[in-house]
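Quick notes on the structure that follows.
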Amino acid sequence: IRVGTLECPLEAVELLELTAASFAAHEAEIAAVEAERYGGSSQYPPDVLRVGRRPLLQFPSELLAGTLANPGALGVALRDRVSGRIVAYALGSALESHDEEGVSSDPHLGEGTTFYLHAMATLPSIKNQVEVENHVLTAIRDRAAAAGFACLSTLIEARVHETGPPWLRAAEVLHVADDYLRTGIRFVYLHAGLDPSPESEPDTVAEERRRSTS
17 IRVGTLECPL EAVELLELTA ASFAAHEAEI AAVEAERYGG SSQYPPDVLR VGRRPLLQFP
77 SELLAGTLAN PGALGVALRD RVSGRIVAYA LGSALESHDE EGVSSDPHLG EGTTFYLHAM
137 ATLPSIKNQV EVENHVLTAI RDRAAAAGFA CLSTLIEARV HETGPPWLRA AEVLHVADDY
197 LRTGIRFVYL HAGLDPSPES EPDTVAEERR RSTS
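So for the sequence shown, my numbering puts the first residue at 17; every next one is plus one.
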């Protein structure tokens with residue numbers, strides 16, 4: 017039974033921490049997630065930008081490992097306990113270590129206060145992909161906030177912005193790439209503050225905060 021043909025309930029998901037030291041142990045599985053999400057040639061136009069046989073949207077393992085070696089690096093992966101497979105991951109580092117489209121115009125570039133979410137992918141065939149996606153996004157956001165970052169920026173698919181958790185949907189759009197790298201996919205450069213607010217928390221958490229201050 018393939019993992020991608022099933023629901024992946026969050027209660028059956030294990031959260032793994034990704035670091036420069038631990039990445040090698042999970043590299044093959046993370047590369048498989050990245051390839052399944054961004055490596056399929058059928059989803060791109062015939063003239064899509066490539067490096068050899070690899071579409072540029074598919075990050076090579078050495079690039080991901082390099083990001084985890086940067087200052088302020090953080091990473092998480094989700095493993096399905098039933099199958100034992102990694103089904104999603106997200107990682108990044110301090111904004112100043114990156115030069116993707118939109119970074120040069122980020123209002124907080126040079127301050128050292130912004131975490132840049134460099135890479136994120138989930139297995140595309142999981143039925144509850146959005147739920148899993150939102151779980152890994154919020155996990156990396158929480159770690160960035162705990163590490164002392166004040167903001168989070170990312171260049172991400174517009175689809176993920178539209179279906180993401182409340183804090184991501186509320187993020188400021190600083191740049192739009194309608195046909196990013198000639199893939200036919202719309203990407204947006206987002207900037208979000210990491211200070212907790214009632215709008216970005218679950219209703220139960222927000223209510224508890226209100227009670228404690230009343």
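The beta carbon of each residue, even a glycine, is placed where N, CA and C say it ideally should be.
Item	Value
Less than 7 angstroms separating the beta-carbons of I102 and A93?	yes
Looking at P181 and N150, is the spacing between their C-beta atoms short of 7 angstroms?	yes
Would you check if the stretch 63-82 and the stretch 40-48 touch, i.e. whether three or more CB-CB distances between them fall below 8 angstroms?	yes
How is the alpha helix (DSSP H) around H42 delimited, first residue to last?	39-54
Could you check if P71 is buried or exposed, using at least 16 other CB atoms within 10 Å of its CB as the buried criterion?	buried
Just how far apart, CA to CA, sit R202 and I172?	9 angstroms
So for I102, helix, strand or coil by DSSP?	strand
Does the stretch 188-200 touch the stretch 129-144, meaning 3 or more C-beta pairs lie closer than 8 angstroms?	no
So, are the CB atoms of N86 and S120 less than 7 angstroms apart?	no
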